[in-house]
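Residue 13 in numbering that gives the first Met the number 0 is what sits at position 14 of the sequence shown, and the numbering runs on without skipping anything. Below: the structure, in structure tokens.
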Amino acid sequence: MDSTSDPTPKTKPTPTDYVVREYGVTVGEVEAFERAAEQRYRKLKRRGKLATKTPQDLKKMIEEAAGH
0 MDSTSDPTPK TKPTPTDYVV REYGVTVGEV EAFERAAEQR YRKLKRRGKL
50 ATKTPQDLKK MIEEAAGH
């Protein structure tokens, strides 16, 4: 077998893999963060605290922030 035919299947890294590698956290910590973020999102959504923005709204906000 030559060196170009690696029998190990290649897998695509997941976002969790990236966070674990780059930030040195555990998979359990990532999962706990995901659960907390989802709970916060649901709470804000129930309370009507989430703002819906269109691309035009965002463009206007960027222009205003840039002083145009």
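Positions of the beta carbon are idealized from the N, C-alpha and C atoms, including for glycine.
Note to self: Checking 8 Å against the spacing of the C-beta atoms, do residue 43 and residue 49 come in under that value?
What the structure shows: In this structure, residue 49 lies closer than 8 Å to residue 43 by Cβ.
Check: If you run the structure through DSSP and keep just helix, strand and coil, what is residue 35?
Finding: Three-state result, residue 35: helix.
Notebook entry, point to check: How many angstroms separate the CA atom of residue 18 from the CA atom of residue 62?
Noted result: Across the structure, residue 18 and residue 62 are spaced so that their CA atoms are roughly 33 Å apart.
Next item on the list: Please look up how many angstroms separate the CB atoms of residue 29 and residue 15, rounded, as I've assumed it's under 8 Å.
Entry: About 5 Å; that satisfies the 8 Å criterion.
Notebook entry, point to check: Between which two residues does the alpha helix (DSSP H) harbouring residue 59 extend?
Noted result: That run of the alpha helix (DSSP H) goes 54-64.
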